[in-house]
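Trainee: Could you have a look at this structure, given as structure tokens, before my questions?
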Amino acid sequence: MIAVNHLVHSFKVGKKGGERNIPVLKGVTLEVRKGEVTAILGKSGSGKSTLLHVLAGFMKPDSATVRIAGQETTGLSAAEYAEFRLEHFGFIFQNFQLMPGLTAFDNIALPLKIKGVPRGQRELNVLQLLKEVGLQEVADHYPNELSGGQQQRVSIARALITEPPIILADEPTGSLDSETEQDVLQLIRSLNENRGTTFVIITHDEEVAAIADRQYRLHDGELVKGGKRHAV
Amino acid sequence: MLFKDQIGFIRQHMKRNRLRTAMTVLAATMGCAFLIVLASVGFGLHKTLMDELLSNQTVTEIQIHGKEDSGEPITAEEQELIRQLPGVDAVVARSYLESPSRVLLDDRLNRAQIILTDAEQEAKAELDLSAGALPSSRNEVIVGYHFAENLLTEQELIASEKGESPAGYRGDLIGETIRLEVMSSESEEPGPETWEFTIAGIAEEPAKDWRVDNLVLVDESFREEFPVFTAPEGEEVAPYFEINAYAEDLAAVEAVTESLKTEGYYVYSVTEEMTTMNLFFNVLKAGLIFVGTIAVLIASIGIFNTMTMAVTERTREIGVMKAIGAQPKLIQRLFLMESAWIGIVGTMLAVVISFAVSALVNQLIPNIVLNILAEDGAGAEGMNIIVSDIPWQLVVIASFISIGVAMVSGWRPARKATEIDVIQALRQEL
Chain A
1 MIAVNHLVHS FKVGKKGGER NIPVLKGVTL EVRKGEVTAI LGKSGSGKST
51 LLHVLAGFMK PDSATVRIAG QETTGLSAAE YAEFRLEHFG FIFQNFQLMP
101 GLTAFDNIAL PLKIKGVPRG QRELNVLQLL KEVGLQEVAD HYPNELSGGQ
151 QQRVSIARAL ITEPPIILAD EPTGSLDSET EQDVLQLIRS LNENRGTTFV
201 IITHDEEVAA IADRQYRLHD GELVKGGKRH AV
Chain B
233 MLFKDQIGFI RQHMKRNRLR TAMTVLAATM GCAFLIVLAS VGFGLHKTLM
283 DELLSNQTVT EIQIHGKEDS GEPITAEEQE LIRQLPGVDA VVARSYLESP
333 SRVLLDDRLN RAQIILTDAE QEAKAELDLS AGALPSSRNE VIVGYHFAEN
383 LLTEQELIAS EKGESPAGYR GDLIGETIRL EVMSSESEEP GPETWEFTIA
433 GIAEEPAKDW RVDNLVLVDE SFREEFPVFT APEGEEVAPY FEINAYAEDL
483 AAVEAVTESL KTEGYYVYSV TEEMTTMNLF FNVLKAGLIF VGTIAVLIAS
533 IGIFNTMTMA VTERTREIGV MKAIGAQPKL IQRLFLMESA WIGIVGTMLA
583 VVISFAVSAL VNQLIPNIVL NILAEDGAGA EGMNIIVSDI PWQLVVIASF
633 ISIGVAMVSG WRPARKATEI DVIQALRQEL
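Set out below in structure tokens:
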């Protein structure tokens, strides 16, 4: 599903004129298989978020070959990548990134709105998904009226609403307590099994990584261990 | 994103910042209303003077005063040539009956000016009447609007000479038979010959209040029958009272005027004055619109600030939208639509307010001006002063400027929104 080959990226730091290059990713090569949950595990500063940003097209790497769903993505323009994201990706963020002025229902419907799906179809899809993630009761609540777990469920539902083949999750349980964390992980697992959606989870948490079919461990921008795990 | 959803998206954002949006709309409204009201004064004064100009004469009338390099009067052949020019409907040549004359109706007398004219051409020129109809036979005449009040009995005549204002003839003149006595040039006594005419119509009231129309329009063919007038030695008699050409419509006036000028005639038409007046007022209006546009530009600073703040405040939301697949063009369009909305609503309110202000100004200021003029002894009664006029063209120009400026001022913030870095935006604190 995703094939990353020799991904190299560095950041420029320091004042103009006296800039230094700090390498973040030093030739990462990995593979994400269709229908699997893949965890990219690493400590803070290991380069895992940079890797996710490159996959999502939020930044261009210094050099790499990235093939997602059969398409070479490193050459895409900003507008082309936006289109590509809408078709292929769903995003789950650590701090949920919900629109404060929209209800849970409208937050979930947002990607469909961007896609230009008519209202009737939108409502049908959102109601169905609300049921699936157990949020029917709070559909008309605003984000500040929801608990952390509920907000992350809304965020997951928003990621799934366009039925993308891949969900990129950046520390999906980073803002949740351990009990809620388990709920969310179970939800991710069940969605993966029921829908066959490919999940790429970026995390520093071994427990979160434990639900993955495949794990990659990043350390100082290099892959130190990777491979297929036993099914959880 | 569907257009309906884009509108909903903008509305939802503006609802969150109601006060700020309202104040920005207010600024846009004030700027645009100032532009419209200011320019409307130019349009109003232009209209006032145009109406005044056009009400003083028949707009299709072209007065012909003579011909270059020739002291000779315009001949009948020349009149015929003028008549055949393209765009000319009629040429009316009115001439005086030089011999002293008087008009009698029963015991009443009027020393009216007798004018000989071609009834057919008068009919073609669509002579305006206040009553009756154009003559259908050669024994029918048209009398001036003031003919009746100058038709006096002997007592009234004496009273009139004493400075009183007698009422004159009160009855209906149409169909009445008048007697015309034409005297010889040597004597004031009535000549031996008398003609009888039936009054077919009464001319329209002259546009100028001071003008007294005490004419009797008699058919040209009577010239042969009336006694010949011999001018006193040393005096010249103008053969024609006036020669006027009438164009088919106002649009043809300019062309006919130009043709006549090319032919060497001294002419005057309403377009002569209109051209100069239009030039002056168009420059004035352009100047007023320019000054008004400055107010709109000042208001646009408010729109720019509002939109810049909106982009800054929504950086994280823009980041999320971009992250989940919104095209940069969509983001730009949403912000441009928002600034356009401010411009459109501001303009709509401004148009309504401007019409209200215009109506109020037109109620108050003319009364004040007329009162001041009356106190100064300058008679301006009957003058229709339009201080402010808002034609649809002004509304279109002002709307175009106002909405255009609003969109231009929203363009930079909208562009900035598209350049927002997703990673930075997502890192922003809630």
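Going line by line, the protein sequences match chains A and B. Using the numbering used here, you'd call the opening residue of the first sequence number 1 and step up by one each time. Using the numbering used here, you'd call the opening residue of the second sequence number 233 and step up by one each time. For each residue, glycine too, the CB sits at the ideal point set by N, CA and C. Note that the coordinates shown come from a computational prediction; the quantities given were computed from them, not determined experimentally.
1) State the Cα-Cα distance for the pair A/Thr-198 and A/Glu-36, rounded to the nearest angstrom.
2) Can you list the residues of chain A that B/Ala-558 reaches, using a CB-CB cut of under 7 Å?
3) Here's the rule: buried if 16 or more other CB atoms are within 10 angstroms of the residue's CB, otherwise exposed. What is A/Asn-21?
4) Using DSSP bridges, identify the partner residues of A/Glu-31.
5) Flag this pair as yes or no: are the beta carbons of A/Ile-156 and A/Asn-125 separated by less than 8 Å?
6) Residues in its own chain within less than 7 Å of A/Leu-30 by CB, not counting five upstream and five downstream?
7) DSSP puts B/Asn-594 in a beta bridge; with which residues?
8) Which residues does DSSP pair with A/Thr-50 in a beta bridge?
9) From what residue to what residue does the beta strand (DSSP E) around A/Leu-138 run?
10) Distance, Cα to Cα, B/Phe-275 vs B/Ile-622?
11) Anyone know if the C-beta pair for B/Gly-551 and B/Ala-657 falls short of 8 Å?
12) Any idea if B/Asn-476 is buried or exposed, counting beta-carbon neighbours within 10 angstroms, 16 or more meaning buried?
13) For A/Phe-11 and chain B, any beta-carbon pair shorter than 8 Å?
14) Closest to B/Ala-664 by C-alpha separation, out of B/Ile-576, B/Ile-618, B/Lys-648, would be which residue?
15) In terms of residue numbering, what span does the alpha helix (DSSP H) encompassing B/Gln-559 cover?
16) In the segment 257 to 288 of chain B, which residues sit with their C-beta less than 8 Å from some C-beta in chain A, listed in chain order?
17) Using 8 Å as the threshold, is the segment 524 to 539 of chain B in touch with the segment 587 to 597 of chain B, meaning 3 or more CB pairs across them?
18) With a cut-off of 8 Å on the beta carbons, I'd call B/Leu-568 and B/Ala-646 a contact; round off their distance for me.
19) For B/Lys-561, does the count of other Cβ atoms within 10 angstroms reach 16, so buried, or fall short, so exposed?
20) Considering only the alpha carbon of each residue, which of B/Leu-383, B/Val-414, B/Gly-395, B/Val-375 lies closest to B/Gly-407?
21) What are the uninterrupted segments assigned as beta strand (DSSP E) that are 3 or more residues long and contained completely in the segment 34 to 90 of chain A, given in chain order?
22) So the alpha helix (DSSP H) B/Ile-618 belongs to, where does it begin and stop?
23) Run through chain A and tell me which residues come within less than 7 Å of B/Arg-252, C-beta to C-beta.
24) What in chain B is Cβ-close to A/Gln-182, meaning under 8 Å?
25) Do you know how far the Cα of B/Ile-521 is from the Cα of B/Cys-264?
26) Quick one: Cα of A/Glu-145 to Cα of A/Leu-135, how far?
27) In the DSSP output, which residue or residues are listed as bridge partners for A/His-219?
28) Quick one: residues in its chain with C-beta nearer than 8 Å to the C-beta of A/Asp-106, no 5 flanking neighbours on either side, listed in chain order?
29) Would you please verify whether the beta carbon of A/Ala-64 is less than 8 Å from any beta carbon of chain B?
30) Counting along the chain, where does the alpha helix (DSSP H) carrying B/Thr-508 start and finish?
31) Can you give me the start and stop residues for the beta strand (DSSP E) that A/Val-200 sits inside?
32) Taking C-alpha atoms, which residue in A/Thr-103, A/Asn-192, A/Leu-130 lies nearest to A/Ala-169?
33) Name the residue from B/Ser-333, B/Glu-428, B/Asp-451, B/Tyr-500 whose alpha carbon lies nearest to the alpha carbon of B/Ala-355.
34) If you follow the alpha helix (DSSP H) that B/Asn-476 is in, where does it begin and where does it stop?
35) Since B/Asp-451 is in the beta strand (DSSP E), which residue starts that stretch and which ends it?
36) Would you decide whether A/His-230 is buried or exposed? Buried here means 16 or more other CB atoms lie within 10 Å of its CB.
Mentor: So, to answer that:
1) Numbered from its first residue, the first sequence carries residue 198 of chain A at position 198. Numbered from its first residue, the first sequence carries residue 36 of chain A at position 36. Between A/Thr-198 and A/Glu-36, the C-alpha separation is close to 5 Å.
2) The count along the second sequence starts at 1 and reaches residue 558 of chain B at position 326. Residues of chain A passing the Cβ test: Ala-82, Ile-114.
3) The residue labelled residue 21 of chain A in the question sits at position 21 within the first sequence. It is exposed - the Cβ of A/Asn-21 has fewer than 16 other Cβ atoms within 10 Å.
4) Walking along the first sequence from the start, residue 31 of chain A turns up at place 31. Under DSSP, the beta-bridge partners assigned to A/Glu-31 are A/Ala-3.
5) The residue you call residue 156 of chain A lines up with position 156 of the first sequence. The residue you call residue 125 of chain A lines up with position 125 of the first sequence. Going by C-beta atoms, A/Ile-156 is not nearer than 8 Å to A/Asn-125.
6) To locate residue 30 of chain A, count along the first sequence from 1; it is residue 30. Taken in chain order, the residues that qualify are Val-4, Tyr-216, Leu-223, Gly-226.
7) Position 362 of the second sequence, counted from the first residue, corresponds to residue 594 of chain B. Beta-bridge annotation (DSSP): B/Asn-594 is not paired with any residue.
8) Within the first sequence, the letter at position 50 stands for residue 50 of chain A. In the DSSP output, where bridge partners are listed per residue, A/Thr-50 has none listed.
9) What you label residue 138 of chain A is simply residue 138 of the first sequence in a count that begins at 1. Residue identity differs from the one stated: residue 138 of chain A is Val in this sequence, not Leu. Counted as a single uninterrupted DSSP element, the stretch harbouring A/Val-138 is not any beta strand (DSSP E), since DSSP gives it neither H nor E.
10) Position 43 of the second sequence, counted from the start, is the residue given in the question as residue 275 of chain B. Position 390 of the second sequence, counted from the start, is the residue given in the question as residue 622 of chain B. Cα to Cα, the separation comes out at about 7 Å.
11) Indexing the second sequence from 1 puts residue 551 of chain B at position 319. Indexing the second sequence from 1 puts residue 657 of chain B at position 425. Taking 8 Å as the Cβ cut-off, B/Gly-551 and B/Ala-657 qualify as a contacting pair.
12) Position 244 of the second sequence, counted from the first residue, corresponds to residue 476 of chain B. Buried, since its Cβ has 16 or more Cβ neighbours within 10 Å.
13) Locating residue 11 of chain A in the first sequence gives position 11, where the first residue counts as 1. Not one chain B Cβ lies under 8 Å of A/Phe-11.
14) Beyond the ends of chain B as shown, which are 233 and 662, falls residue 664 of chain B; an answer cannot be given.
15) In the second sequence, the residue the question calls residue 559 of chain B occupies position 327. B/Gln-559 -> no alpha helix (DSSP H), and no H or E assigned at all.
16) Residues passing the 8 Å Cβ filter: none.
17) At 8 Å Cβ cutoff, the stretches do not touch.
18) Within the second sequence, the letter at position 336 stands for residue 568 of chain B. Within the second sequence, the letter at position 414 stands for residue 646 of chain B. Indeed they touch by this definition, with Cβ atoms about 5 Å apart.
19) The sequence position of residue 561 of chain B within the second sequence is 329, counting from 1. So B/Lys-561 counts as exposed.
20) Stepping through the second sequence from its first residue, residue 407 of chain B is reached at position 175. Taking only the C-alpha atoms, the option nearest B/Gly-407 is B/Val-375.
21) 37 to 42, 63 to 68
22) If you number the second sequence from 1, residue 618 of chain B lands on position 386. Careful: B/Ile-618 lies outside any alpha helix (DSSP H) and carries neither H nor E.
23) Within the second sequence, the letter at position 20 stands for residue 252 of chain B. What B/Arg-252 touches in chain A: nothing, since even the nearest Cβ is about 15 Å away.
24) As a first step, residue 182 of chain A must be located in the first sequence, where it is residue number 182. Per Cβ cutoff of 8 Å: no residues; A/Gln-182 is ~25 Å from chain B at best.
25) Start at 1 with the first residue of the second sequence, and residue 264 of chain B comes out as number 32. Start at 1 with the first residue of the second sequence, and residue 521 of chain B comes out as number 289. Near 10 Å, if we compare the C-alpha coordinates of B/Ile-521 and B/Cys-264.
26) Within the first sequence, residue 145 of chain A is the residue found at index 145, counting from 1. Within the first sequence, residue 135 of chain A is the residue found at index 135, counting from 1. Using only the alpha carbons, I get a separation of about 13 Å.
27) For the purposes of this step, residue 219 of chain A is identified with residue 219 of the first sequence, where counting begins at 1. Note: A/His-219 sits in a beta bridge opposite A/Glu-222.
28) By one-based count along the first sequence, residue 106 of chain A stands at place 106. Cβ neighbours of A/Asp-106 beyond the five flanking positions: Met-99.
29) Taking the first sequence and counting its residues from 1, the one referred to as residue 64 of chain A is at position 64. So, not an interface residue.
30) Indexing the second sequence from 1 puts residue 508 of chain B at position 276. Note, B/Thr-508: alpha helix (DSSP H), 502 to 545.
31) Position 200 of the first sequence, counting from 1, holds the residue named residue 200 of chain A. It spans 198 to 203 - the beta strand (DSSP E) in which A/Val-200 sits, taken as one unbroken run.
32) Stepping through the first sequence from its first residue, residue 169 of chain A is reached at position 169. For the residues A/Thr-103, A/Asn-192, A/Leu-130, the minimum Cα distance to A/Ala-169 belongs to A/Asn-192.
33) Numbered from its first residue, the second sequence carries residue 355 of chain B at position 123. When each option's Cα is compared against that of B/Ala-355, the closest is B/Asp-451.
34) Here the question's residue 476 of chain B lines up with position 244 in the second sequence. It is not in any alpha helix (DSSP H) - B/Asn-476 instead sits in the beta strand (DSSP E) that spans 474 to 479.
35) By 1-based counting over the second sequence, the position of residue 451 of chain B is 219. Looking at the DSSP string, the run of the beta strand (DSSP E) that includes B/Asp-451 is 447 to 451.
36) As a position in the first sequence, residue 230 of chain A is number 230, starting the count at 1. Summary for A/His-230: the model assigns pLDDT 42, below 50, so the residue's position carries little reliability, and this model does not support an answer.
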